[in-house]
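First comes the structure, then the notes that go with it.
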Amino acid sequence: MSHLIPLSRVARLVGQPRHALQEMIRSGSLATFDGMVELDELLRAFPEVKWDDDAEFRRVTEIKEKAFAKRVLERALPDKAVLAARLTELGDDYAAAKALLMHYGNVLAWLDEKIEEIDEDASAETHHALHSVRAFLLRNLAEVPAEAAQAQAVIAKERILKIMSAHVTILPSGHEFFVEGNDTLLEAALRNGVSLNYGCSNGNCGECKARVVSGEVKKVHAHDYVLKDADKEAGVILLCAYAPVNDVVVEANVAGARDIPVQKLAAKVKSVEVFNPHIAALHILAPRSQRLRYLGGQSVELAFDGMRGRYAIASCPCEDRHIEVQIPHRTDDAFASAVFGTLRAGDTVGVEGPFGEFALDEDSPRPVIFLAFGAGFAPIKSLVQHAMSLELAESMDLHWVADEAGHYQDNLCRAWADALDNFSYLPHAPAADLDALLGGIAQDYPDLHRFDVYAAGTGAQLEQARRRFVDAGLHEARWFAGAQDG
Ligand code: FES
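See below:
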């Protein structure tokens, strides 16, 4: 009987990123069937994995969580109803396997009786053959082969993953993610950077309606919004009120930059992080009842005490209520002066947004070059983290051309490079001859036609870079620019 495991779960079992497995599939060193890997194939392709030791897996996970400043992975158990349903499913699997084993035991006993019966009147030759068959059976039943012990360890590990999390595929976009702990489908999607449609996030507006195509879900929060009977029969649920019991496929719209409406909310200042006299980060917290929907790379308008300004968001949409905005210290910008002077933790700032269409092309599997000029690092940081949470690109190279503020988050970029084998960080000092620097970067990519380039800086820097990269072979349509000077 074959035992198939989804590719995303295989990635977790072997402690490898999904793109590394996709590369193995492309090169023919890992066989899949409809996005699933057969247990024997898994054991064959990863002979070196110690299935009963997850120390390395834990180490990589810890580095990643630290590097991406994500919340510490909640070890919270799933919601009670979901946990009970998952345990019931596991119990059913166990009962079915046990019943099958009993059946095989009965068949063997029957076979043994049959052999004895035939043996009574058998010739010496048949008697000898029957004796060999019986000895073969007894020998093989007594010895448990090493592969069986390995298979048992993999299945045990996979079962624990299945109790703690469920795999979700969104159609038609094809996004995939896991729902962990007691998260709803909506919370898990947002944590993983998947921008599903939603409004209130607490069961009132109905904007998060989606259809379950396969798999089982459970209502984990009561909701005031009333689903029509016809909707219920068609499998429609509210993503903010349901959690998956097992692996599910859900039909839901993923929003692009143009689909997200401009929202207004009041957020609390968590902290002001002054990197140096030229630039600071403002960390704000959206209210629990009104989070800000945005995509990596977009901007917001902030207001405080009559002062306002528009700035790039530097956080990932996957960071729940936390929003980071990076603010260059310009003398003609009163809001920026407040950030460097009077603004304190606990103050309230008005937030309006998101604005702009500088966002990831989530349908593109191409390798990516990120190019940040000075404080253009802010939207690039947001895009990089968003791309990491979506596990989109085959490889990501970050080039950061510094201005007088320097590489003010150098350590963070180095931590990303340490944690991910498909991420490179290439800092560049302020350049007297920017054209020569850009030409040198472009020349390092003889296959530039394969890449997507996301760049953020002033309009003049971006135009200079676009010309250089297109001349070196980049497709015009694969150039994405986020101008930071209005
Ligand atoms: S987001 Fe409003 S009901 Fe789910």
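To convert, note that position 87 of the sequence shown is 87 in full-length UniProt numbering; the numbers rise steadily by one, no gaps.
Here a beta-carbon is modelled for each residue, glycine too, at the ideal position from N, C-alpha and C.
The structure presented is a predicted model; accordingly, all values stated were derived computationally and were not measured.
Where D485 and T458 are concerned, what is the direct C-alpha to C-alpha distance, given to the nearest angstrom? Within the sequence shown, the letter at position 485 stands for residue 485. Within the sequence shown, the letter at position 458 stands for residue 458. The straight-line gap from Cα to Cα measures roughly 5 Å.
Kindly provide the chain-ordered list of residues whose Cβ lies closer than 7 Å to any non-hydrogen atom of the ligand FES. L186, Y198, G199, C200, S201, N202, G203, N204, C205, G206, E207, C208, H223, Y225, L238, L239, C240, A241
Determine the direct distance from the alpha carbon of C316 to that of H475, and round the result to whole angstroms. For this step, residue 475 is matched to residue 475 along the sequence shown. For this step, residue 316 is matched to residue 316 along the sequence shown. Rounded to whole angstroms, H475 to C316 spans 27 Å at the Cα level.
Quick check on the DSSP output: what are the complete beta strand (DSSP E) runs of length 3 or more inside the stretch 184-268, in order along the chain? 209-214, 217-219, 236-238, 242-244, 248-251
Looking at the unbroken beta strand (DSSP E) that takes in Q443, where does it start and where does it end? On the sequence shown, position 443 is the one that residue 443 refers to. Premise fails: Q443 lies in the alpha helix (DSSP H), 434-443, not in any beta strand (DSSP E).
Taking 7 Å as the cut-off, decide whether the C-beta atoms of A267 and L285 are in contact. Sequence index remark: in the sequence shown, residue 267 carries index 267 (1-based). Sequence index remark: in the sequence shown, residue 285 carries index 285 (1-based). The answer is yes: Cβ separation under 7 Å.
CB-CB length for I155 against H3, believed under 8 Å: Numbered from 1 along the sequence shown, position 155 holds the residue referred to as residue 155. Numbered from 1 along the sequence shown, position 3 holds the residue referred to as residue 3. So it is a contact: roughly 7 Å between Cβ atoms.
Apart from the five residues just before and just after G193, which ones in its own chain have a Cβ nearer than 7 Å to its Cβ? In the sequence shown, counting from the first residue as 1, residue 193 sits at position 193. Closer than 7 Å at Cβ, skipping near neighbours: C316, P317, C318, H386, S389, L390.
Look up S337 in the DSSP assignment and say whether it is helix, strand or coil. In the sequence shown, residue 337 corresponds to position 337, counting from 1. S337 falls in the helix class under three-state DSSP.
Secondary structure of L4, DSSP reduced to three states: Residue numbering aside, residue 4 sits at position 4 when the sequence shown is read from its first letter. L4 falls in the strand class under three-state DSSP.
In terms of alpha-carbon separation, which member of V401, L360, R466 lies closest to H428? The residue given as residue 428 occupies position 428 in the sequence shown. Out of V401, L360, R466, V401 has the C-alpha closest to the C-alpha of H428.
Under the three-state DSSP convention, the category R310 falls into: If you number the sequence shown from 1, residue 310 lands on position 310. In the structure shown, R310 sits in a strand (DSSP, three-state: E or B).
Could you please give the first and the last residue of the uninterrupted beta strand (DSSP E) stretch that includes E352? Along the sequence shown, read from residue 1 onward, the residue named residue 352 stands at position 352. Looking at the DSSP string, the run of the beta strand (DSSP E) that includes E352 is 348-355.
Per DSSP, which residues does G457 bridge with? Please list them. Reading the sequence shown from its first residue, position 457 is the one you call residue 457. Beta-bridge pairing links G457 to A483.
DSSP three-state label for Q409, please. Along the sequence shown, one-based indexing puts residue 409 at 409. Three-state DSSP puts Q409 in coil, outside helix and strand.
Taking the Cβ atom as the reference point for each residue, do D224 and N246 lie within a distance shorter than 7 Å? Residue numbering aside, residue 224 sits at position 224 when the sequence shown is read from its first letter. Residue numbering aside, residue 246 sits at position 246 when the sequence shown is read from its first letter. No, they are not a contact pair.
Taking 7 Å as the limit between beta carbons, can you name the residues of its chain near V349, skipping five residues before and five after? Numbered from 1 along the sequence shown, position 349 holds the residue referred to as residue 349. Same-chain partners within the cutoff: A267, V269, I284, L302, A303, F304.
Residue closest to A431, alpha-carbon to alpha-carbon, out of N422, A417, Q461, W416: The residue you call residue 431 lines up with position 431 of the sequence shown. Considering only alpha carbons, the answer is Q461.
Answer yes if the stretch 158-170 comes into contact with the stretch 234-252, meaning at least three C-beta pairs across the two stretches below 8 Å, and no otherwise. yes
Near G356, which residues of its chain fall below 6 Å by C-beta distance, leaving aside the five closest residues on each side in sequence? Within the sequence shown, numbered from 1, the residue matching residue 356 stands at position 356. Same-chain partners within the cutoff: Q298, S299.
In the DSSP assignment, the alpha helix (DSSP H) including P379 goes from what residue to what residue? Locating residue 379 in the sequence shown gives position 379, counting from the first residue. Taken as a continuous stretch (DSSP letters only), the alpha helix (DSSP H) holding P379 covers 377-390.
Can you give me the start and stop residues for the beta strand (DSSP E) that L302 sits inside? Numbered from its first residue, the sequence shown carries residue 302 at position 302. Taken as a continuous stretch (DSSP letters only), the beta strand (DSSP E) holding L302 covers 299-304.
How about L438 and R468: are their beta carbons less than 7 Å apart? For this step, residue 438 is matched to residue 438 along the sequence shown. For this step, residue 468 is matched to residue 468 along the sequence shown. Yes. Within cutoff.
From the DSSP output, in three-state form, read off H399 for me. In the sequence shown, the residue the question calls residue 399 occupies position 399. The answer is strand: DSSP assigns H399 an E or B state.
Whole angstroms are fine: how far does the CA of A405 sit from the CA of E207? If you number the sequence shown from 1, residue 207 lands on position 207. If you number the sequence shown from 1, residue 405 lands on position 405. Approximately 43 Å between the Cα atoms of the pair.
Alpha carbon to alpha carbon, how far is L108 from G91? One-based indexing of the sequence shown puts residue 108 at position 108. One-based indexing of the sequence shown puts residue 91 at position 91. Each residue's alpha carbon lies about 26 Å from the other.
Taking only the alpha-carbon atoms, compute the straight-line gap between L77 and I237 and give it to the nearest angstrom. In the sequence shown, counting from the first residue as 1, residue 77 sits at position 77. In the sequence shown, counting from the first residue as 1, residue 237 sits at position 237. Straight-line Cα distance between these residues: approximately 22 Å.
Nearest-angstrom Cα distance between A135 and S29? Your numbering for residue 135 matches position 135 in the sequence shown. Your numbering for residue 29 matches position 29 in the sequence shown. When rounded, the distance between both Cα atoms is 38 Å.
Taking the alpha-carbon positions, what's the K70 to S382 distance? As a working note, residue 70 is residue 70 in the sequence shown. As a working note, residue 382 is residue 382 in the sequence shown. Confidence is the limiting factor: at K70 the pLDDT is only 49, short of 50, which leaves the residue's position unreliable, though a coordinate-based value still follows. Each residue's Cα considered, the two are about 13 Å apart.
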